[in-house]
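J.: Can you read through this structure? Questions will come right after.
Protein chains in written order, with the working numbering: chain Y, 8 to 197; chain D, 8 to 197.
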């Protein structure tokens with residue numbers, strides 16, 4: 008077996024998700040994942056630090072989209088425009104072809120409280136990075152943190168709509184609708 | 008030693024927080040907590056399931072305030088009015104006398120990733136309960152979940168302002184300001 012298997016990462020990722028979905032995350036071993044695609048445990052660990060990392064390997068990429076999206080907003084953009092730009096940029100990360108994968112991943116995470124906690128921490132990290140991007144633009148707290156957290160809320164709710172059974176709308180459309188909905192909601196609080 | 012020690016729960020709680028703050032959460036044992044207030048481990052376990060529970064014993068009470076606060080809103084209240092009523096009701100749980108305790112607890116939680124994940128799950132649970140209360144009023148998703156999550160965001164940001172160094176403003180005042188700020192922010196997203 009050669010040291011670098013072509014497509015090994017993707018095959019391991021696919022096999023891991025299948026096993027987590029059918030056997031359960033806790034019950035699946037790294038040996039089983041590797042075996043399912045004819046690779047060794049050693050090869051698995053060349054790509055992923057552990058079983059959990061298969062599910063969270065994309066976190067940094069998603070965070071980078073957010074931060075780059077925020078940076079792309081005009082200098083004079085209002086705080087929520089910066090946030091909307093960050094969230095819209097993340098939509099590229101969720102094309103329609105990815106929906107089936109995202110659905111499967113979400114079901115695995117929801118079935119496991121420890122994975123759920125990890126996912127929530129990831130969202131909290133996203134909000135923290137976005138808040139930093141806003142502060143770097145001169146937007147002070149608490150406005151920066153409130154805007155960033157609200158943006159991540161919109162993102163999370165949009166994401167759960169995007170992976171809902173039967174949904175065929177694009178992530179970017181749903182996100183746009185959720186920002187509009189938040190605007191309507193928040194203007195009627197008193 | 009009598010089976011029911013007067014004030015044992017509060018004394019254990021206070022000793023636990025002191026130890027978590029000075030020695031660290033992981034490094035503190037239940038035996039040390041009990042010993043610090045002249046009680047036994049057995050007595051500790053009569054009040055708390057484990058070390059972590061000392062920090063999260065109030066979660067159900069906070070959730071109940073949210074749900075009762077939502078129920079107290081008029082029948083024809085707009086979604087964010089219901090949410091604001093829920094969040095305002097929770098302010099009773101954070102009187103000024105509690106601030107020093109809340110500050111100490113927050114510092115302990117922030118220093119420990121596992122506790123932070125547990126805290127985030129608690130917030131996620133609050134949002135889920137509030138969303139259920141909104142759905143029970145006939146408010147459909149995604150409006151219900153977006154409004155509930157936004158309310159918890161306001162609560163969290165208000166809470167972090169409330170415990171910030173030097174702050175002396177009340178929780179209810181800060182929450183009100185954060186709802187107004189969200190209204191301003193969300194109406195300027197395009």
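The beta carbon of each residue, even a glycine, is placed where N, CA and C say it ideally should be.
Quantities reported herein were computed from a predicted structural model and do not represent experimental measurements.
1) Give the list of continuous alpha helix (DSSP H) stretches no shorter than 4 residues that lie fully inside the segment 66-143 of chain D.
2) To the nearest angstrom, report how far apart residue 180 of chain Y and residue 30 of chain D are at their CA atoms.
3) Assess, as a yes-or-no matter, whether the segment 19-38 of chain D is touched by the segment 120-138 of chain Y under the definition of 3 or more beta carbon pairs within less than 8 Å.
4) State the Cα-Cα distance for the pair residue 45 of chain D and residue 39 of chain D, rounded to the nearest angstrom.
5) Quick one: which residues of the segment 44-56 of chain D get their C-beta closer than 7 Å to a C-beta of chain Y? List them in chain order.
6) Per DSSP, what kind of secondary structure is residue 145 of chain D in: helix, strand or coil?
7) On the three-pair Cβ rule with 8 Å, is the segment 155-167 of chain Y touching the segment 77-91 of chain Y?
8) Return helix, strand or coil for residue 51 of chain Y, following the three-state DSSP convention.
9) Where residue 61 of chain Y and residue 55 of chain Y are concerned, what is the direct C-alpha to C-alpha distance, given to the nearest angstrom?
10) With a cut-off of 8 Å on the beta carbons, I'd call residue 74 of chain D and residue 182 of chain D a contact; round off their distance for me.
11) Counting only C-beta atoms, is residue 147 of chain D closer than 8 Å to chain Y at any point?
12) Closest to residue 143 of chain Y by CA distance: which of Y/189, Y/77 and Y/66 is it?
13) Under 7 Å Cβ to Cβ from residue 174 of chain Y, same chain only, skipping five residues before and after it: list those, please.
14) Does any C-beta atom of chain Y lie closer than 8 Å to the C-beta of residue 86 of chain D?
15) On the DSSP letters alone, give me the boundaries of the alpha helix (DSSP H) that residue 179 of chain D sits inside.
16) Whose C-alpha, out of D/59, D/63 and D/18, is nearest the C-alpha of residue 47 of chain D?
17) Any beta carbon from chain Y within less than 8 Å of residue 66 of chain D's own beta carbon?
18) Using a Cβ cut-off of 8 Å, pull out every chain Y residue sitting near residue 157 of chain D, in sequence order please.
19) In angstroms with no decimal places, state the Cα-to-Cα distance between residue 190 of chain D and residue 165 of chain D.
20) Do you know offhand how far residue 195 of chain Y's Cα is from residue 85 of chain D's?
21) Using C-beta distances below 8 Å, list every residue in its chain close to residue 108 of chain Y, excluding the 5 sequence neighbours before and after it, in chain order.
22) Can you give me the C-alpha to C-alpha distance between residue 106 of chain Y and residue 187 of chain D, rounded to a whole angstrom?
23) May I ask you to report which of helix, strand or coil DSSP gives residue 160 of chain Y?
24) Quick one: which residues of the segment 21-37 of chain Y get their C-beta closer than 9 Å to a C-beta of chain D? List them in chain order.
25) Considering only the beta carbon of each residue, do residue 123 of chain Y and residue 128 of chain D sit closer than 8 Å?
26) How would you list, in chain order, the residues of chain Y whose beta-carbon sits under 7 Å from the beta-carbon of residue 152 of chain D?
27) Taking buried to mean at least 16 other C-beta atoms within 10 Å of its own C-beta, is residue 126 of chain D buried or exposed?
28) When you compare only the Cα positions, how much space is there between residue 68 of chain D and residue 101 of chain D?
29) What is the DSSP secondary structure of residue 170 of chain D, counted as helix, strand or coil?
30) Determine the closest residue to residue 21 of chain Y out of Y/171, Y/80, Y/52 and Y/43, with distance taken between C-alpha atoms.
31) Under 9 Å Cβ-Cβ, which residues of chain Y neighbour residue 178 of chain D?
32) Out of curiosity, what's the CA-to-CA distance linking residue 113 of chain D and residue 49 of chain Y?
33) Assuming residue 153 of chain Y and residue 192 of chain D make a contact with CB atoms under 8 Å, what is their CB distance in whole Å?
34) So residue 31 of chain Y is in the alpha helix (DSSP H); what residue range does that whole segment cover?
35) Buried or exposed for residue 36 of chain Y, please, with buried defined as at least 16 other CB atoms from any protein chain shown within 10 angstroms of its CB.
T.: Put simply:
1) 66-78, 86-97, 106-117 and 120-143
2) 50 Å
3) Too few Cβ pairs lie closer than 8 Å, so no.
4) 10 Å
5) none
6) Looking at residue 145 of chain D - three-state DSSP - the assignment turns out to be coil, as it is neither helix nor strand.
7) yes
8) helix
9) If I take the Cα positions, the gap works out to 6 Å.
10) That belief does not hold up - the Cβ atoms of residue 74 of chain D and residue 182 of chain D are roughly 17 Å apart, past 8 Å.
11) Answer no: the Cβ-Cβ gap between residue 147 of chain D and chain Y never drops below 8 Å.
12) Y/77
13) 168
14) Yes, residue 86 of chain D lies at the interface with chain Y (some Cβ there is under 8 Å from its Cβ).
15) 178-193
16) D/18
17) no
18) Going along chain Y in sequence order, the residues near residue 157 of chain D (Cβ under 8 Å) are 157, 160, 189, 192 and 193.
19) Those two C-alpha atoms are separated by around 15 Å.
20) 7 Å
21) 24
22) 36 Å
23) Residue 160 of chain Y falls in the helix class under three-state DSSP.
24) none
25) With contacts defined as CB atoms closer than 8 Å, residue 123 of chain Y and residue 128 of chain D qualify as a contacting pair.
26) 164
27) buried
28) 12 Å
29) The answer is coil: DSSP assigns residue 170 of chain D none of H, G, I, E or B.
30) Y/43
31) Near residue 178 of chain D there are no residues of chain Y at all, since even the closest Cβ is about 14 Å away, more than 9 Å.
32) 41 Å
33) Taking the Cβ atoms as the reference, residue 153 of chain Y lies roughly 7 Å from residue 192 of chain D, within the contact range of under 8 Å.
34) Segment: none, residue 31 of chain Y is in no alpha helix (DSSP H) and carries neither H nor E.
35) exposed
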